[in-house]
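Participant: Starting off with a structure, shown below.
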Amino acid sequence: QVQLVESGGGLVQAGGSLRLSCTASGIILRKYVINWYRQAPGKQRELVAAISSGGSANYADSVKGRFTISRDNAKNTVYLQMNSLKPEDTAVYYCNAGAYISGYWGQGTQVTVSS
(Lines of atoms letter the chains of each structure in order from A and count residues from 1; the text may use other names and numbers.)
(Lines give C-alpha, C1' and ligand atoms only; values in the text may rest on other atoms or scores of the structure.)
Protein backbone atom coordinates (compact mmCIF):
# COMPACT_ATOMS: atom_id res chain seq x y z
CA GLN A 1 0.00 0.00 0.00
CA VAL A 2 1.35 3.39 -1.02
CA GLN A 3 1.32 6.13 1.56
CA LEU A 4 2.66 9.67 1.49
CA VAL A 5 2.79 11.49 4.81
CA GLU A 6 3.42 15.22 5.09
CA SER A 7 4.63 16.78 8.29
CA GLY A 8 6.20 19.96 9.56
CA GLY A 9 3.34 22.37 9.17
CA GLY A 10 2.25 24.74 11.88
CA LEU A 11 1.72 28.33 12.91
CA VAL A 12 4.53 30.79 12.28
CA GLN A 13 4.88 34.55 12.21
CA ALA A 14 5.53 36.38 8.98
CA GLY A 15 9.21 36.25 8.13
CA GLY A 16 9.64 32.90 9.82
CA SER A 17 10.56 29.50 8.42
CA LEU A 18 9.19 26.00 8.30
CA ARG A 19 10.43 22.79 6.77
CA LEU A 20 7.85 20.40 5.40
CA SER A 21 8.62 16.72 4.92
CA CYS A 22 6.99 14.21 2.64
CA THR A 23 7.87 10.65 3.57
CA ALA A 24 6.74 7.70 1.53
CA SER A 25 6.10 4.04 2.05
CA GLY A 26 5.25 1.59 -0.69
CA ILE A 27 6.98 3.58 -3.42
CA ILE A 28 10.49 4.83 -4.07
CA LEU A 29 10.23 8.58 -4.33
CA ARG A 30 13.44 9.03 -6.30
CA LYS A 31 11.75 7.35 -9.25
CA TYR A 32 9.10 10.06 -9.42
CA VAL A 33 8.73 13.74 -10.03
CA ILE A 34 7.63 15.03 -6.65
CA ASN A 35 5.43 18.07 -6.44
CA TRP A 36 4.40 20.26 -3.55
CA TYR A 37 0.99 21.85 -3.99
CA ARG A 38 -0.94 24.13 -1.72
CA GLN A 39 -4.56 25.07 -1.38
CA ALA A 40 -5.82 28.08 0.47
CA PRO A 41 -9.47 28.39 1.53
CA GLY A 42 -11.65 29.27 -1.43
CA LYS A 43 -8.81 28.94 -3.90
CA GLN A 44 -7.70 26.33 -6.37
CA ARG A 45 -4.86 24.00 -5.60
CA GLU A 46 -1.65 25.44 -7.01
CA LEU A 47 1.75 23.98 -7.75
CA VAL A 48 4.42 25.44 -5.51
CA ALA A 49 7.54 23.44 -6.31
CA ALA A 50 8.62 20.32 -8.14
CA ILE A 51 11.74 18.20 -8.21
CA SER A 52 12.63 15.70 -10.89
CA SER A 53 14.13 12.30 -10.30
CA GLY A 54 17.44 13.83 -11.37
CA GLY A 55 17.15 16.59 -8.82
CA SER A 56 16.16 19.53 -11.03
CA ALA A 57 13.83 21.89 -9.25
CA ASN A 58 11.18 24.33 -10.42
CA TYR A 59 9.21 26.86 -8.42
CA ALA A 60 6.16 29.01 -8.72
CA ASP A 61 7.06 32.66 -9.18
CA SER A 62 5.40 33.49 -5.88
CA VAL A 63 7.89 31.38 -3.90
CA LYS A 64 11.10 31.69 -5.92
CA GLY A 65 14.01 32.68 -3.75
CA ARG A 66 12.13 31.78 -0.58
CA PHE A 67 11.32 28.07 -0.90
CA THR A 68 13.69 25.21 -1.62
CA ILE A 69 12.68 21.67 -2.55
CA SER A 70 15.13 18.84 -1.96
CA ARG A 71 15.36 15.09 -1.71
CA ASP A 72 16.94 12.67 0.74
CA ASN A 73 16.82 9.43 -1.18
CA ALA A 74 18.21 7.42 1.72
CA LYS A 75 15.24 8.48 3.82
CA ASN A 76 12.76 8.26 0.94
CA THR A 77 11.75 11.80 1.82
CA VAL A 78 11.30 15.09 0.00
CA TYR A 79 11.50 18.39 1.83
CA LEU A 80 10.17 21.86 1.26
CA GLN A 81 12.18 24.48 3.13
CA MET A 82 10.11 27.62 3.40
CA ASN A 83 11.78 30.86 4.43
CA SER A 84 10.59 34.44 4.67
CA LEU A 85 7.03 33.22 5.00
CA LYS A 86 4.19 35.58 4.22
CA PRO A 87 0.55 35.51 5.30
CA GLU A 88 -0.38 34.66 1.70
CA ASP A 89 1.55 31.40 2.07
CA THR A 90 -1.15 30.19 4.45
CA ALA A 91 -2.63 27.00 3.00
CA VAL A 92 -2.77 23.26 3.28
CA TYR A 93 0.35 21.87 1.64
CA TYR A 94 0.25 18.54 -0.17
CA CYS A 95 2.94 16.40 -1.68
CA ASN A 96 2.25 14.49 -4.86
CA ALA A 97 4.21 11.76 -6.58
CA GLY A 98 3.62 11.30 -10.26
CA ALA A 99 0.71 12.68 -12.24
CA TYR A 100 -1.88 15.07 -10.81
CA ILE A 101 -4.84 12.81 -11.49
CA SER A 102 -3.38 9.33 -11.27
CA GLY A 103 -0.48 9.94 -8.92
CA TYR A 104 -0.16 9.56 -5.20
CA TRP A 105 -1.14 12.21 -2.66
CA GLY A 106 -0.57 12.81 0.99
CA GLN A 107 -3.21 14.02 3.40
CA GLY A 108 -1.78 17.52 3.62
CA THR A 109 -0.29 19.64 6.36
CA GLN A 110 -1.58 23.03 7.44
CA VAL A 111 0.70 26.03 7.27
CA THR A 112 -0.56 29.22 8.87
CA VAL A 113 1.45 32.43 8.69
CA SER A 114 0.35 35.24 10.97
CA SER A 115 0.97 38.88 10.18
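So the sequence shown is numbered by my numbering: it starts at 1065 and just counts up by one.
Cβ atoms here follow ideal geometry from the backbone N, Cα and C, with glycine treated the same way.
Beta-carbon within less than 8 angstroms of S1116's beta-carbon, same chain only, minus the 5 sequence neighbours each way: which residues are those?
Facilitator: In the same chain as S1116, and ignoring 5 residues on each side of it, the C-beta atoms closer than 8 angstroms to its own belong to V1097, in chain order.
Participant: Would you kindly report the start and end of the unbroken beta strand (DSSP E) that includes I1098?
Facilitator: Under the DSSP assignment, I1098 falls in the beta strand (DSSP E) whose first and last residues are 1098 to 1103.
Participant: Is T1176 near L1075, with beta carbons less than 8 angstroms apart?
Facilitator: yes
Participant: Tell me the residue span of the beta strand (DSSP E) that contains D1136.
Facilitator: In this chain, the beta strand (DSSP E) harbouring D1136 covers 1131 to 1136.
Participant: Would you mind stating whether Y1193 and L1068 have Cβ atoms separated by less than 8 angstroms?
Facilitator: Lying before the first or after the last residue shown, residue 1193 is absent from the chain, which here runs from 1065 to 1179.
Participant: Please state whether the Cβ-Cβ distance between N1140 and A1078 is less than 8 angstroms.
Facilitator: Taking 8 angstroms as the cut-off, the beta carbon of N1140 is found no closer than this to the beta carbon of A1078.
Participant: How far does the beta strand (DSSP E) with L1075 in it reach, from first residue to last?
Facilitator: Taken as a continuous stretch (DSSP letters only), the beta strand (DSSP E) holding L1075 covers 1074 to 1077.
Participant: What residues in its chain sit with their C-beta under 8 angstroms from that of S1081, if we drop five residues either side in the sequence?
Facilitator: Taking C-beta separations shorter than 8 angstroms and ignoring five residues to either side along the sequence, the partners of S1081 in its chain run Q1145, M1146, N1147, S1148, L1149, following chain order.
Participant: Between which two residues does the beta strand (DSSP E) holding V1127 run?
Facilitator: Run containing V1127: none; DSSP gives neither H nor E here.
Participant: In angstroms with no decimal places, state the Cα-to-Cα distance between S1179 and G1072.
Facilitator: When only Cα atoms are considered, S1179 and G1072 end up about 20 angstroms apart.
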